[in-house]
Amino acid sequence: MKIQERKIRRVGNSMVVTLSKEFLESINVSESDIVYIDEEKLKEAFTKKRGKICGSITIRNDDRKIFPKT
Numbered sequence: 056m057k058i059q060e061r062k063i064r065r066v067g068n069s070m071v072v073t074l075s076k077e078f079l080e081s082i083n084v085s086e087s088d089i090v091y092i093d094e095e096k097l098k099e100a101f102t103k104k105r106g107k108i109c110g111s112i113t114i115r116n117d118d119r120k121i122f123p124k125t
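Here is the structure:
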């Protein structure tokens, strides 16, 4: 997967980051599925934009990170 730029938005009292349809399909998740997110591990996938991107972001299809309720 390539690095994607996303804007953090406010919805009510929450902040939201959108995910592409292609990414959600690749991890077999769709609208209205319930997922569990390990926020500590998710920190690895985020970096704040400061001029040029000087690092890399890796998002792994890993059931320990994000998985749909069965």
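Numbering of the sequence shown is given in this note's numbering, commencing with residue 56 and proceeding in unit increments.
Ideal Cβ placement from N, Cα and C applies to all residues, glycine included.
Remember, it's a predicted structure, so these values are computed and weren't measured experimentally.
Worksheet item: If we count the other Cβ atoms within 10 Å of its Cβ and call it buried at 16 or more, is I82 buried or exposed?
Response: Sixteen is the threshold: when 16 or more other Cβ atoms of the shown chains lie within 10 Å of the Cβ of I82, as they do, the residue is buried.
Practice prompt. Assign S69 to one of three DSSP states: helix, strand, or coil.
Written response: strand
Discussion item. Between the alpha carbons of S75 and S87, how many angstroms are there, rounded?
Written reply: Going from the Cα of S75 to the Cα of S87 covers about 15 Å.
Worksheet item: What span of residues does the beta strand (DSSP E) with I92 cover, start to end?
Response: Unbroken beta strand (DSSP E) run through I92: 90 to 92.
Worksheet entry | Between the CA atoms of I58 and F101 - distance to the nearest angstrom | 10 Å
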